[in-house]
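The block underneath contains the structure these notes are about, expressed in structure tokens.
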Amino acid sequence: MTGLSRRRLLGAGLAATGTALAAGGSAGPRPRLPADVPVAVTRPAAAPTTSPPAPTPAATALPQLDRPVFTLEEYRRLVPGPPFPGNAVALTIDDGPHPTWTPKVLRLLDRYHVPALFCLIGNQVLGHETVARDIVAAGHHVANHTWSHPGKIDHFAQDRVQQEIDRAQNKIYDTTGKLPTIFRSPGGAVSPAVFAAAAQARMVPINWTNDPRDWTRPGTGSITHRMLAAHPGQILLCHDGGGDRGQTCAALETVIPALQARGYQFVALDGLPSSH
Ligand SMILES: [Zn+2]
0 MTGLSRRRLL
10 GAGLAATGTA
20 LAAGGSAGPR
30 PRLPADVPVA
40 VTRPAAAPTT
50 SPPAPTPAAT
60 ALPQLDRPVF
70 TLEEYRRLVP
80 GPPFPGNAVA
90 LTIDDGPHPT
100 WTPKVLRLLD
110 RYHVPALFCL
120 IGNQVLGHET
130 VARDIVAAGH
140 HVANHTWSHP
150 GKIDHFAQDR
160 VQQEIDRAQN
170 KIYDTTGKLP
180 TIFRSPGGAV
190 SPAVFAAAAQ
200 ARMVPINWTN
210 DPRDWTRPGT
220 GSITHRMLAA
230 HPGQILLCHD
240 GGGDRGQTCA
250 ALETVIPALQ
260 ARGYQFVALD
270 GLPSSH
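One point on numbering: in numbering that gives the first Met the number 0, the residue at position 218 of the sequence shown is 217, and numbering is uninterrupted.
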């Protein structure tokens, strides 16, 4: 997909039938919302010093879902793009950016040419802006993981969820020039209010298929074992923030080359076409 077409904000034609969220997929024409507008944002060469305000989420809201994405197949049903290879897996990395662990993970991903989706916490971007920009500069994608990573977001009213999303969205955009279109709810917790807020902010809620529970620090061997149980089509979860992630880094040192040796191909979750 060209940069030009990626910057065209296309219609939000989600249907209960599983039609892609935006035009550009392979499933034929889809209805456009009247609020379709181009995203008037240029790709920054480096850290933006002055950014235009993020597009108003309300102008481009998506239809509300009733469950998050768990697999690559479900993702591709909602987010247009070429089919994933049959041996694809996607790596998602939550709770950063972190000044110690994120650079270690970035070096590892670079060594094995693995793209990843970093699910950023807004108040962790705050103070670690350079790390956040390093993620994007390395070619990885970023998702919105709320401002403060609240423990029970599924108990929140929609306006409170919206505040968590919008504040993080603004910080990520101001820092990296990227406007996430993927939402990773803390703990994967979802509710009608969470889905409504994500839709209002034009974001696809994504959970995961494979959770090695690395954030509990169960030991490098346990994390490795669980991640090596991954199958093609799965979305893998691990963490670069929220505590000492030495076990996660050590596990990834084994897991990434082992999955590649098995023939698995790491693919990027890059969000809706308006992401830039
Ligand atoms: Zn998290």
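Ideal Cβ positions, reconstructed from N, Cα and C, are used throughout, including at glycine.
A quick note: this is a predicted structure, and the numbers were derived from the prediction, not measured.
First through last residue of the alpha helix (DSSP H) which encompasses residue i
i    : result
N122 : 121 to 124
I255 : 245 to 260
S221 : 219 to 227
Near ligand 1: residue i beta-carbon under 7 Å from a heavy atom
i    : result
H148 : yes
H127 : no
D93  : yes
H144 : yes
P96  : no
P185 : yes
Short Cβ contact (8 Å threshold) for residue i with residue j
i    : j    : result
A167 : A192 : no
T145 : E163 : yes
P84  : I205 : no
L107 : I134 : no
P185 : H154 : no
W207 : F117 : no
T175 : R132 : yes
V141 : K177 : yes
G270 : T180 : yes
V124 : P102 : no
L235 : D93  : no
E72  : G232 : yes
L258 : A229 : yes
L64  : F194 : yes
V254 : A196 : no
P276 : F265 : As shown, the chain starts at 0 and ends at 275. That puts residue 276 outside it, with no answer to give.
V189 : L77  : no
P79  : A198 : no
P256 : Y111 : yes
For residue i, the three-state DSSP class (helix, strand or coil)
i    : result
V266 : strand
V68  : strand
H154 : helix
V203 : strand
A115 : coil
V193 : helix
A188 : coil
L271 : coil
A142 : strand
Endpoints, beta strand (DSSP E) assigned at residue i
i    : result
A137 : Unbroken run through A137: none, as it is neither H nor E.
D93  : 87 to 93
L108 : Run containing L108: none in the beta strand (DSSP E); it sits in the alpha helix (DSSP H), 100 to 111.
H280 : Any property of residue 280 remains undetermined from this structure, which presents the chain solely from 0 to 275.
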